[in-house]
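Chemist: Residue numbers (our numbering): 4 to 210. Glycine residues also receive a C-beta, built at the ideal position from the N, C-alpha and C atoms. Dropping a structure here in structure tokens format, bear with me for questions.
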């Protein structure tokens with residue numbers, strides 16, 4: 004890697020693991036954070052080519068009364084149907100990659116974090132310079148998802164089963180933050196990683 008491109012740390016973890024919380028702490032230290040879920044929302048905003056492509060593929064039932072993508076309805080339509088899910092991903096993933104890369108190029112900082120929930124599942128490990136995994140026990144994961152998303156335990160467990168296992172994520176990780184305790188326990192670890200990533204970025208630019 005050369006030039007002004009920042010060192011890219013991919014942040015991943017299962018649903019409910021606390022990726023957003025960790026990224027907010029890095030952002031407070033000055034590191035740019037790119038949330039691919041946010042990019043995914045941007046590429047299907049009202050009037051966007053991405054939304055038009057989804058409507059052409061799945062019909063207007065996926066729209067809300069305001070003409071926006073109803074993400075819950077979209078998820079319900081494709082969740083249990085692998086062929087439809089693959090069709091959805093074939094439309095969205097190229098758009099998300101382009102949008103994410105544009106934000107990386109504009110980061111203006113030695114390193115940036117890119118929050119990618121399905122980094123391991125989608126084979127994206129080789130597209131980042133380093134992988135940071137946020138890890139929690141599955142029982143806590145289910146409890147957090149139930150509280151946050153108003154899902155049943157079986158719905159939360161079904162989502163978790165579609166994701167990589169803790170073992171698979173750990174195998175792909177360069178760094179792991181265990182996030183079952185209070186935020187105060189995480190902050191010193193995040194500060195240490197922040198310094199480490201700045202050092203890695205500086206060394207990378209010298210090569």
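DSSP state of residue 155, grouped into three classes?
Modeler: In the structure shown, residue 155 sits in coil (DSSP, three-state: anything other than H, G, I, E or B).
Chemist: Which runs of the beta strand (DSSP E) at least 3 residues long sit entirely within the region 40-122? Give them in chain order.
Modeler: Here the runs fully enclosed are 114-118.
Chemist: Name, in chain order, the residues that DSSP records as bridge partners for residue 133.
Modeler: DSSP, once it has assigned bridges, lists 12 as partnering residue 133.
Chemist: Verify whether the separation of the beta carbon atoms of residue 201 and residue 178 is less than 9 Å.
Modeler: Their beta carbons are not under 9 Å apart, which means residue 201 does not touch residue 178 by this criterion.
Chemist: Closest by CA to residue 20, which one among 204, 135 and 52?
Modeler: It is 135 whose Cα lies nearest to the Cα of residue 20.
Chemist: How close, in whole Å, do the beta carbons of residue 15 and residue 122 come, if the pair is a contact with beta carbons under 8 Å?
Modeler: Indeed they touch by this definition, with Cβ atoms about 4 Å apart.
Chemist: Are residue 117 and residue 25 closer than 9 Å when you measure CB to CB?
Modeler: No, the pair does not count as a contact, with Cβ atoms beyond the cut-off.
Chemist: What residue from 130, 205, 208 and 192 has the CA that sits closest to residue 32's CA?
Modeler: Cα-wise, what sits closest to residue 32 is 192.
Chemist: How would you label residue 101, buried or exposed, when you count the other beta carbons within 10 angstroms and need 16 or more for buried?
Modeler: By the neighbour-count rule (16 or more Cβ atoms within 10 Å), residue 101 is not buried but exposed.
Chemist: State buried or exposed for residue 150, treating a residue as buried only when at least 16 other CB atoms are found within 10 Å of its CB.
Modeler: It is exposed - the Cβ of residue 150 has fewer than 16 other Cβ atoms within 10 Å.
Chemist: To the nearest angstrom, how far is the alpha carbon of residue 215 from that of residue 209?
Modeler: Residue numbering for the chain in the displayed model covers 4 to 210; residue 215 lies beyond these limits and cannot be assessed.
Chemist: What's the C-alpha gap between residue 57 and residue 44?
Modeler: When rounded, the distance between both Cα atoms is 13 Å.
Chemist: Quick test of your reading: residue 180 and residue 138, contact by CB under 8 Å. State the CB separation rounded to the nearest angstrom.
Modeler: Confirmed, Cβ separation roughly 7 Å.
Chemist: Give the range of the beta strand (DSSP E) segment to which residue 180 is assigned.
Modeler: That run of the beta strand (DSSP E) goes 178-181.
Chemist: Considering only the beta carbon of each residue, do residue 148 and residue 18 sit closer than 9 Å?
Modeler: Yes; because the gap between Cβ atoms is below 9 Å, this pair is in contact.
Chemist: For residue 85, is the classification buried or exposed, using 16 other Cβ atoms within 10 angstroms of its Cβ as the cut-off for buried?
Modeler: Answer is exposed; the Cβ neighbour count stays below 16.
Chemist: By the three-class DSSP mapping on this structure, what secondary structure does residue 37 have?
Modeler: Strand.
Chemist: Give me the residue from 74, 114, 185 and 97 with the minimum Cα distance to residue 2.
Modeler: No statement about residue 2 is possible, as the shown extent of the chain runs from 4 to 210 and does not include it.
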